[in-house]
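For reference, the structure is listed below as structure tokens.
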Amino acid sequence: MTDEQQPAAPDEQPASGRLTSQSIRSFVLRQGRMSDAQHRFLDEMMPKVGVAYRPEPVDLNEVFGRRAPHIVEIGFGMGQSTAVIAQARPAEDFLGIEVHAPGVGSLCKLIDEGGITNLRIVQHDAVEVLRDMIPEGSLAGVHIYFPDPWPKKRHHKRRLVQGPFVKLIASRLAPGGYLHCATDWEEYAQQMLEVLGAEPLLANSADGYAPKPDYRPLTKFEPRGLQRLVQRLALGAQREAQAAPVLGVRLALAEQTRAAHRKHLFAEQQVRFAMLETTVAKTDRHVDIA
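Here the sequence shown stands for residues 1191 to 1480, numbered as in this note's numbering.
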């Protein structure tokens, strides 16, 4: 697979709601810089830990060489969290799906250096992998962590968490399985909760948003953003204590600040919602949102 940009996808989902090869893609592949180490580990490790895409169901027990619960992670980025979770849960097997070669090379490096044996990689479109390769009712869980929020309204159709895809995921979960999503984008979190709640095979295991589970490590951006958010809140309290002499001016400044946040996507605004987790647990075709 190359990093060349793929052709533009059509603007509408199929009328049937079924995900096909013509469905809108939630990602765009672009040329990206790969380090020498990423190239080397990609070439050396993918023959060992890679699972080639093919349009037919695969036996994951055969892929991993044992019988164990299977967890799929969709869009693992550079793979740091994926590697940590797999190491912390050795009794389960993890299949990471990612299209971007630098991230795949990075996770290959982590697998090799960490001696991780319960983690495999598919470098392909997650929709096609789930649709074609994963048998129905075979997964113990699915992780979707910080997918691209596609913040512009005209791009919302490209968001990964949409009704047809959630229905596909739910069909692949075994009874008692779970779907766990996390985003740092408030409006996307609200959409996730709405879409997951509308899927009849899933049931929210939390009252709204769920707390971050212990097994999911913080991303490298979350501690920085949380620290900056605390500083901003402290500054806001100090300004409130000083009390601006003209209320109208203070409200105008507040509105300007909100507009700046919306325009420039300050980290503080994003991280404020970093813990909006969506877990969906599935018992007899019932799932959690976290």
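Don't be surprised by glycine CBs; every beta carbon is placed ideally from N, CA and C.
Quick one: what's residue i bridged to in DSSP?
| i | result |
| --- | --- |
| H1260 | D1283 |
| C1298 | For C1298, which the question treats as bridged, DSSP gives no partner whatsoever. |
| R1310 | L1285 |
Do residue j and residue i have their beta-carbon atoms positioned less than 8 Å apart in this structure?
| i | j | result |
| --- | --- | --- |
| S1296 | G1269 | yes |
| I1264 | I1311 | no |
| Y1243 | V1319 | yes |
| R1406 | A1372 | yes |
Taking only the alpha-carbon atoms, compute the straight-line gap between residue i and residue j and give it to the nearest angstrom.
| i | j | result |
| --- | --- | --- |
| L1443 | E1384 | Bear in mind that the predicted position of L1443 carries a pLDDT of just 41, short of 50, making it too unreliable to give a figure here. |
| V1241 | D1374 | 30 Å |
| Q1277 | V1239 | 15 Å |
| P1237 | R1321 | 23 Å |
| C1298 | D1283 | 16 Å |
| R1230 | V1274 | 22 Å |
| R1349 | D1404 | 26 Å |
| T1307 | T1272 | 13 Å |
| R1279 | D1397 | 26 Å |
Which residues in the same chain have their Cβ closer than 6 Å to the Cβ of residue i, if we skip the five residues on either side of it in sequence?
| i | result |
| --- | --- |
| G1267 | G1293 |
| P1339 | W1375 and Y1378 |
| S1361 | E1326 |
| F1254 | D1283 |
In its own chain, which residues sit with a C-beta less than 7 Å from the C-beta of residue i, not counting the 5 before and 5 after it?
| i | result |
| --- | --- |
| P1325 | P1247 |
| V1356 | V1385, L1386 and E1389 |
| P1245 | D1322 |
| D1233 | none |
| A1227 | K1299 |
Once you ignore the five residues that flank residue i on each side, which residues in its own chain have a CB closer than 8 Å to its CB?
| i | result |
| --- | --- |
| K1410 | Q1270 |
| V1351 | I1334, P1337, C1371, Y1378, Q1381, M1382, V1385 and L1386 |
- Message: Using a Cβ distance threshold of 8 Å, determine whether the stretch 1327-1338 contacts the stretch 1258-1267, with at least three qualifying pairs required.
- Response: With a cut-off of 8 Å, the stretch 1258-1267 and the stretch 1327-1338 count as touching, because enough Cβ pairs lie within range.
- Does the pairing of the stretch 1283-1297 with the stretch 1314-1323 give three or more beta-carbon distances under 8 Å? yes
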